[in-house]
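*Asks:*
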Amino acid sequence: MYPVRMPLLVQKALPDAWWRMDASGKNLYLTFDDGPTPGVTDWVLNELERFDARATFFVLGKNVEAHGLLYDDIIRKGHSTGNHSYSHPDGWKVSKGQYLQNVAECKPWVNSRLFRPPYGHLTPAQYLKLKKEYTVVMWDVLSGDFDGKITAAQCLGQTLESCRPGSIIVMHDSLKAFDKLKVVLPAFLKAMTEEGYSFLPLPSA
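Taken in order, the sequence shown gives residues 42 to 246; the numbers are from our numbering.
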């Protein structure tokens with residue numbers, strides 16, 4: 042199980058990370074993890090464009106290396122990007138050195154000071170080192186598009202219910218999530234746009 046909306050107690054464990062942005066306006070911050078993925082990321086870009094929405098893509102270095110033109114499209118269309126490691130290691134299952142090396146291997150492919158840990162897993166030692174170089178970006182709404190135990194309708198419903206001004210929302214531009222994403226993303230963008238929300242990229246400077 043996983044919390045759709047991240048509890049404040051968990052957020053306090055990484056106090057310098059970004060969990061949610063300024064809540065004074067009706068802005069939302071969509072993020073997509075694990076791409077770029079041909080056939081998925083390009084579809085996501087088209088859907089975002091239909092709703093004049095911007096997002097942030099936390100990409101894997103190995104995927105950028107393999108699909109550089111698709112990564113260039115993300116940048117060209119006005120979206121932000123962030124480092125999501127080179128090959129998606131679990132920070133709780135590898136050494137500090139192995140983890141930091143994997144993050145460093147992504148750096149030549151992704152010019153960004155934003156970093157999101159795969160699975161959201163970081164040890165205190167990894168976090169203390171990484172926050173010196175990156176803004177660590179977490180989230181306050183996890184859509185569950187990766188969850189094979191829920192339907193697309195459930196995924197959409199829990200995401201809509203959990204969003205609030207300033208929310209950082211996690212979706213995935215991966216093959217695993219695509220069946221749900223095809224249903225959830227257009228409906229989510231339409232519903233929140235009709236409620237007067239704008240979708241902005243995270244500042245990457």
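All C-beta atoms in this analysis are idealised placements derived from N, C-alpha and C, irrespective of residue type, glycine included.
Would the segment 75–88 count as touching the segment 214–221 if we require 3 or more Cβ pairs under 8 Å?
*Replies:* Yes, the segment 75–88 is in contact with the segment 214–221.
*Asks:* Of the choices N104, D220, D113, whose alpha-carbon is the least far from that of G189?
*Replies:* Selected option, being the one with the closest Cα: D220.
*Asks:* If you follow the alpha helix (DSSP H) that D83 is in, where does it begin and where does it stop?
*Replies:* Counting along the chain, the alpha helix (DSSP H) containing D83 begins and ends at 82–91.
*Asks:* Could you pull the DSSP bridge partners for M212 from this structure?
*Replies:* Note: M212 sits in a beta bridge opposite F73.
*Asks:* Using three-state DSSP, classify L226 as helix, strand or coil.
*Replies:* Of the three classes helix, strand and coil, the one that applies to L226 here is helix, per DSSP.
*Asks:* Please classify N124 as buried or exposed, where buried requires at least 16 neighbouring CB atoms within 10 angstroms.
*Replies:* Answer is buried; the Cβ neighbour count reaches 16.
*Asks:* Check the C-beta distance from D311 over to L222 and give it rounded, since I have them as a contact under 8 Å.
*Replies:* This structure gives no information on residue 311, because the portion of the chain shown stretches from 42 to 246.
*Asks:* Distance check for Y140 and D131, CA to CA, integer angstroms please.
*Replies:* About 8 Å.
*Asks:* Pop quiz: C147 and G102 are said to be a contact at Cβ under 8 Å. What is the actual Cβ separation, rounded to whole angstroms?
*Replies:* Yes, they are in contact, since the Cβ atoms of C147 and G102 sit about 3 Å apart, within 8 Å.
*Asks:* When burial is assigned at 16 or more other CB atoms within 10 Å of the CB, is D181 buried or exposed?
*Replies:* Counting Cβ neighbours within 10 Å, D181 comes out buried, since at least 16 surround it.
*Asks:* Based on Cα-Cα distance, which residue from S245, S208, E236, S184 lies nearest to L226?
*Replies:* Per the Cα distances, S184.
*Asks:* Mind pulling the beta strand (DSSP E) runs of 3 or more residues that sit fully within the segment 183–213?
*Replies:* Entirely contained in the segment 183–213, the beta strand (DSSP E) runs reaching 3 residues are, in chain order, 209–213.
*Asks:* Closest to A94 by CA distance: which of Y70, D114, A193 is it?
*Replies:* Closest by alpha carbon: Y70.
*Asks:* Which residues mark the beginning and the end of the beta strand (DSSP E) in which N124 is found?
*Replies:* Start and end: 121–124.
*Asks:* Please state if the CB of N68 and the CB of S239 are separated by a distance shorter than 7 Å.
*Replies:* Closer than 7 Å, so yes.
*Asks:* List the whole-angstrom C-beta distance separating V100 from T72, where the pair is believed to meet the contact cut-off of C-beta under 8 Å.
*Replies:* Wrong, their Cβ atoms sit about 11 Å apart, outside the cutoff.
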